[in-house]
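Chains as they are written, first to last, in my numbering: chain G, -10 to 290; chain H, -10 to 290; chain P, -10 to 290; chain C, -10 to 290. Glycine included, each C-beta is placed from N, C-alpha and C at the ideal position.
Number of protein chains: 4
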Amino acid sequence: MNTIGQIVRFTDFGESHGVAVGGVLDGVPSQLKIDFAAIQHDLDRRAGRVVESGTSDSGECLPVSKRAQGEKDEIEWLSGLLDGVTLGSPIAFIIRNTNARPEDYEALKDVYREGHADRVYEQKYGIRDYRGGGRASARETVARVVAGGIAKQILAKDGITVEGQLVQIGEETDRTKFAALLEDVQRAGESVGGVVECRIKGVKPGLGEPIFDKLQARLAYAVMSINGCRSFEVCDRDANGQSVSCGIVGGISDGNDIVFRCRFKATATKMKEYGGRHDVCIAVRAVPIVEAMAALVIADN
Amino acid sequence: MNTIGQIVRFTDFGESHGVAVGGVLDGVPSQLKIDFAAIQHDLDRRAGRVVESGTSDSGECLPVSKRAQGEKDEIEWLSGLLDGVTLGSPIAFIIRNTNARPEDYEALKDVYREGHADRVYEQKYGIRDYRGGGRASARETVARVVAGGIAKQILAKDGITVEGQLVQIGEETDRTKFAALLEDVQRAGESVGGVVECRIKGVKPGLGEPIFDKLQARLAYAVMSINGCRSFEVCDRDANGQSVSCGIVGGISDGNDIVFRCRFKATATKMKEYGGRHDVCIAVRAVPIVEAMAALVIADN
Amino acid sequence: MNTIGQIVRFTDFGESHGVAVGGVLDGVPSQLKIDFAAIQHDLDRRAGRVVESGTSDSGECLPVSKRAQGEKDEIEWLSGLLDGVTLGSPIAFIIRNTNARPEDYEALKDVYREGHADRVYEQKYGIRDYRGGGRASARETVARVVAGGIAKQILAKDGITVEGQLVQIGEETDRTKFAALLEDVQRAGESVGGVVECRIKGVKPGLGEPIFDKLQARLAYAVMSINGCRSFEVCDRDANGQSVSCGIVGGISDGNDIVFRCRFKATATKMKEYGGRHDVCIAVRAVPIVEAMAALVIADN
Amino acid sequence: MNTIGQIVRFTDFGESHGVAVGGVLDGVPSQLKIDFAAIQHDLDRRAGRVVESGTSDSGECLPVSKRAQGEKDEIEWLSGLLDGVTLGSPIAFIIRNTNARPEDYEALKDVYREGHADRVYEQKYGIRDYRGGGRASARETVARVVAGGIAKQILAKDGITVEGQLVQIGEETDRTKFAALLEDVQRAGESVGGVVECRIKGVKPGLGEPIFDKLQARLAYAVMSINGCRSFEVCDRDANGQSVSCGIVGGISDGNDIVFRCRFKATATKMKEYGGRHDVCIAVRAVPIVEAMAALVIADN
């Protein structure tokens, strides 16, 4: 239920305002030297602390949640490594919730926030952690990015890369206009949807299964599990009357680049209403999360 | 790999031009009286032998593959039933491939058909069943419709219904114009894509999991596993500035109708090139298959 | 629930007095030429139609159930094969229940047989197939032997063999005395337990997992799932003060022969009480079933 | 691979001389008030810090590993709880390895200890954590006891109890003689095997599946995954000519007490040879571990 994958399996845990979020990544090959800086860089992208290429003229990051940018995201590695090299045993890690401010949320204790999962949580579990949405929070995705970062390094040994980019905000597809658009939306106290495109290079032919575990089905499952993601499509639309391969035929990779797009909805909780610390466009910080989920799927083979 | 589901689990087998296609549905509650006619009706819909509501003024079916319409699709029930009532044990069934014409395909033995999975199959398995594409064929979906038909009857006991409809062919969204459009495309020896919308009514709040097994992720996985399906989206776009629920919040059902759409690409194999028996628009016959996959997901809880 | 294995997965179906028993074996490598005679030979061993080596001076089989010996056990292959060679797709097969005699069992319709699972089945499912015990019957093991026969052939390509033998009946361990002992027990209308030893040769070091999926745990699971099996042990007891390897260290194969023993209880239903067609010692025919389960475990890697 | 269970799922991590051992228990119902003292008590039993009932006249614990007794085993709860009540989300916890003494093991860096999994680990992973055996260590079982302690509390709500006891050491079955026997063995620098019996009371009829997931098969799998466990048997041997139920019929619970026994081998590493801190009889401290594994199986339904 909180585990994804069969061979490379990721189990995710942690409430957004509890002690920590974290995960266990099982099935990682032994003797892989981990590049911790690369993982930290993906965490910084997720937090909106570094500029995504092509999204800024000014050298400034796109506007995102203040909490995310302020949270330190320091990883404690608990198992599975010896001197930075994988042992083949489960890799467990946590990121403590240093920036949690329960007092911000105390006021929400009896308020069901529109569009949030609070109500369904209470219906399902009879209890919910009102402190920041509990599990149903962007905070949970920190652990995905760490696990996905390791998955990317597993793939890199086979020459496989996974790269996402923000290709649309609202109806805007000119990336040089994203910053200005987001500032406008932010000033208006509104939020806006966006689209992430992800390209996976270097996958050999033969990955995926012909019936249920089609590669596009597994990618759809993984990506649609990200908070706020509302659609998934593999990109083989005709271009100038020519059909362009999405890298998958009959559920199985064909050796071409695998390309898919996914759309994120506008944020449910409007900034002006709750004074919260939410994103004006969750698609912005979703880029490394989409990459992480795609990398976990491709590595799980 | 050829199994979907955890509690209600469906295992699918069979090559399109082998002895039979079939499946095993495990986890069905005991003491369910099976309505065999309803399952046969879904098979007839899949074969294009009955008119989908709203798609015809003339009372004629939309044009589909001749093979599909001609195949008898008689189900042999092998286990799990006693006097038409489920025993709680696995329900196995087969549908023999009575209309297989290997001679049609003998000519293709050494031909890789553009857009078909033939080449990747040979790369993956070192062998392929050239007789009609083996597993990578619409024929395989017969078994899905049977299993999905049982799943619908499991759900019906809880007041849940699953209904799909064809809502777009090419760019056309006026259903009364579908028949004429398809005839034009067919005459031109071309094929065209389409969109199926599916509505699930009666699901109680609480279905789905908050992180990876979000309900939309599981639906996306199941639907994207259908041959030719290229995109999946949950339908909660704004309508007149109002956000409309897609029936899922934070991965969990909220009690509203669950609505999603999926797009099927144009058929890979053009009729004029191979003289084959393929569909001019695979989305037409996909409607009961989409329903089947959705029903299997919702029943698997 | 009716599936075992992760990579090589076997799904089993069929009631003992329904249309057929059968199974689906998924994950078999492509391009394996199947030796059908070897599989039929294992079915004949399971039926007590051939002499197990070392168990007979007279050239006669040990006494077993008349039904088993009389049932023809003809396999119908439904999918996954082309000209006797595996395609890499699921291999489905059935064995029809030609020798079922529902009238024998009609009388039992309202009788709970002591030691049989009839009562718990009714408690669990609210219905049971009184025709011969439904699923809780030795008949179900036919499908295991077929699937295990394929698994053995997968293993044989890697030089791995799986061989079981009956090493104890009651307290008797001298195999040349088994036939006489069984005849005595049969005449008395009683039944008796027995022990099967299984030796797996040729497994390379490294199979198994260090924590839960220890090789001995997976073997225990598979073997304890056979009807009537009451104990499992890996055989590394001291021999003359020397510890002898059972082929598994810390859950992982070490390259030595893997040896385990399992004990089968005396048959629950006494022959004299019901006039049924049961075995005097179920361990006799269990030998190829134990081999099948062990082969499925070792092949599932 | 490092996960056990389907509905209540336990994932285990940690090297014995790394930062910590720990686990994630997923699928625990929400709103369960956790009795932390009961879990700590089981950890104290596992460490040999409290007397098992019936094993001591003197009030002293049976002799066990000094490391185990000295290790503090303080649990840090990372997620899944709010004010000591379960949220329905994954419960993650760690126990830091405060008493690790890498220097003791530095000497073993290039030594393969007889009977230890060191050699097969290196063959499997190409690397091993020589610091105390890495994963292949009794230390790993701390996490099992914590998870099993929660599972017991899930079961207690349904009136189910799981109780193990040491019933045999070497050939000795008189529990009042265990302490003296163990002291003799310890003085001789030897080790000895033992047998644990476990009784599960209060399970309603209907638990377990009829074919592969027979209740005894799942128990065997779970118990045989404990380090040093060599055999498993369900206890329905005849008593005075009367067959006594083991609580399982045809793979399914029948409402009677479920009773099984498991045998642990003598410790591989002799104390006198390595000056290590190993147990003279690993069965002694295995009692709460066996209970934990049984509780996890019964709760996973």
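Please list, in chain order, all residues of the same chain as D289 of chain P whose beta carbon is under 7 Å from its beta carbon, the five residues on each side excluded. G(-6), Q(-5), I(-4), V(-3)
Under 7 Å Cβ-Cβ, which residues of chain G neighbour R292 of chain C? Chain C is shown from -10 up to 290; residue 292 of chain C falls before or after that span and cannot be answered.
Quick one: which chain H residues come within Cβ less than 8 Å of K22 of chain G? Here the premise fails: no neighbours, minimum Cβ distance about 28 Å.
9 Å Cβ cutoff, R133 of chain C in contact with chain G: Cβ-Cβ to chain G under 9 Å: no for R133 of chain C.
In whole angstroms, give me the CA-to-CA distance for R85 of chain H and N(-9) of chain G. Cα-Cα distance, rounded: 40 Å.
Counting along the chain, where does the alpha helix (DSSP H) carrying S26 of chain C start and finish? Note that residue 26 of chain C corresponds to Ala in the displayed sequence, not to Ser. Run containing A26 of chain C: 25 to 36, per the alpha helix (DSSP H) assignment.
What ranges does the alpha helix (DSSP H) occupy inside the segment 45 to 80 of chain G, keeping only unbroken runs of at least 4 residues that lie completely in it? Counting only runs of 4 or more, we get 55 to 59.
From H:L21, H:A106, H:L70, H:L285, pick the residue whose C-alpha is nearest to that of P194 of chain G; which is it? H:A106
Would you tell me roughly how many angstroms separate the C-alpha atoms of V273 of chain G and R128 of chain G, rounded to the nearest one? One alpha carbon belongs to V273 of chain G, the other to R128 of chain G, and they sit about 15 Å apart.
Output the distance between the C-alpha atoms of G191 of chain C and Y110 of chain H, rounded to the nearest integer angstrom. Answer to the nearest angstrom: the Cα atoms are 53 Å apart.
Length of the line joining the Cα atoms of A284 of chain H and R207 of chain G: 19 Å
Just to make sure I have the definition right: I need the residues of chain C whose C-beta is within less than 7 Å of the C-beta of Q112 of chain P. Which are they? Under the 7 Å cutoff, chain C gives P194, G195.
Entirely within the segment 150 to 222 of chain C and at least 4 residues each: give me those alpha helix (DSSP H) ranges in chain order. 167 to 176, 204 to 213
With 9 Å as the threshold, decide whether the Cβ of Q(-5) of chain H is near any Cβ in chain C. yes
Could you please give the first and the last residue of the uninterrupted beta strand (DSSP E) stretch that includes I247 of chain C? 247 to 253
In this structure, does DSSP put T256 of chain G in helix, strand or coil? coil
Please list the partners that K190 of chain C has in chain P, where partner means a Cβ-to-Cβ separation under 7 Å. Those do not exist, as K190 of chain C stays about 17 Å from chain P at its closest Cβ, beyond 7 Å.
Quick check on the DSSP output: the beta strand (DSSP E) that includes D15 of chain P runs from which residue to which? 9 to 15
Give me the Cα-Cα distance between G240 of chain H and L196 of chain H, rounded to the nearest whole angstrom. Their Cα atoms are separated by approximately 8 Å.
Once you ignore the five residues that flank V286 of chain G on each side, which residues in its own chain have a CB closer than 6 Å to its CB? R207, L208, A211
For R34 of chain G and M282 of chain G, I'd like the C-alpha separation in whole angstroms. 15 Å
Which residues mark the beginning and the end of the beta strand (DSSP E) in which T0 of chain C is found? -2 to 2 is the extent of the beta strand (DSSP E) around T0 of chain C.
When you compare each of G:I278, G:P79, G:K166, G:K61 to V17 of chain G by their alpha carbons, which one comes out closest? G:P79
With distance defined between alpha-carbon atoms, name the residue in P:R188, P:S214, P:W66, P:Q154 nearest to A202 of chain C. Correcting the residue identity first, residue 202 of chain C is Asp in this sequence and not Ala. Of the listed residues, the one whose Cα sits closest to D202 of chain C is P:S214.
Check the Cβ of E41 of chain G against every Cβ in chain C and list those closer than 7 Å, keeping chain order. Neighbours of E41 of chain G on chain C: none; closest Cβ ~30 Å, over 7 Å.
For V276 of chain C, which residues in the same chain have their Cβ closer than 7 Å to its Cβ, ignoring the five residues on either side in sequence? R34, E41, G153, Q154, L155, V185
Alpha carbon of G37 of chain C to alpha carbon of K146 of chain G, nearest angstrom: Rounded to the nearest angstrom, the two C-alpha atoms are 46 Å apart.
Quick check on this structure: which residue in P:H267, P:V8, P:I28, P:K22 has the alpha carbon closest to the alpha carbon of R133 of chain P? P:I28
Using C-beta distances below 6 Å, list every residue in its chain close to A136 of chain C, excluding the 5 sequence neighbours before and after it, in chain order. F(-1), G12, L14
Close Cβ partners of F82 of chain P (< 7 Å) along its chain, the five nearest in sequence each way excluded: G11, G12, I64, E65, W66, L67, V135
Determine whether the Cβ of I278 of chain H lies closer than 9 Å to any Cβ atom of chain G. no
Would you call G178 of chain G buried or exposed, if buried means 16 or more other Cβ atoms sit within 10 Å of its Cβ? Answer is exposed; the Cβ neighbour count stays below 16.
Integer-rounded CB distance, given that R124 of chain H should sit under 8 Å from P199 of chain G: 5 Å
Using 9 Å as the limit for Cβ to Cβ distance, is N(-9) of chain H near chain G? yes
Run down chain G in chain order and give the residues with a C-beta less than 8 Å from the C-beta of I200 of chain H. M(-10), N(-9), D1, R124, E129, S214
Where does T87 of chain C sit, in a helix, a strand or coil, going by DSSP? coil
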